[in-house]
Amino acid sequence: MTSFMHKLAEGLRTREQYLEEHSEHPIFETEEGDIFKEQYDDLVTELKEFSNRVGDLAAAGEDFDERFEREISDSNEHLSIKIDAWAKNLDKK
3 MTSFMHKLAE GLRTREQYLE EHSEHPIFET EEGDIFKEQY DDLVTELKEF SNRVGDLAAA
63 GEDFDERFER EISDSNEHLS IKIDAWAKNL DKK
């Protein structure tokens, strides 16, 4: 279970890093792009909070079922992110 949790946290960090690295893009350089950029920055912040929450729950060894689902769009671009993270201790008989 521990290796699964590490892989989950690593996957979330990879998604965060991808979003951060792509936060500088020509689509943000238009008037409408300013609004999209603001929404994008908010999305990255929310994703970091989600990742931290899942990491804390995983480190505590607690059962959890967390979902992150966000969409942002303007007239030209659409970004949708859906992440499910869960852990459950199995009773051994």
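If you read the sequence shown in this note's numbering, its first letter stands for residue 3, the second for the next number, and so on.
We put the CB at the ideal spot given by N, CA and C, even for glycine.
Among the options, which one has its Cα closest to the Cα of residue i?
i: E18; options: K39, T47 and D36; result: T47
i: E40; options: R55, D76 and G57; result: D76
i: E68; options: E79, A61, V56 and I74; result: V56
i: H80; options: G13, E12 and F38; result: F38
i: A11; options: S53, D44 and L49; result: S53
i: A89; options: E71, N78 and F66; result: F66
Residue i by DSSP, collapsed to three states: which one?
i: K106; result: Residue coverage of the chain in this structure runs from 3 to 95, which leaves residue 106 outside it and unanswerable.
i: E79; result: coil
i: E64; result: coil
Which value, in whole angstroms, describes the spacing of the CA atoms of residue i and residue j?
i: E51; j: K84; result: 15 Å
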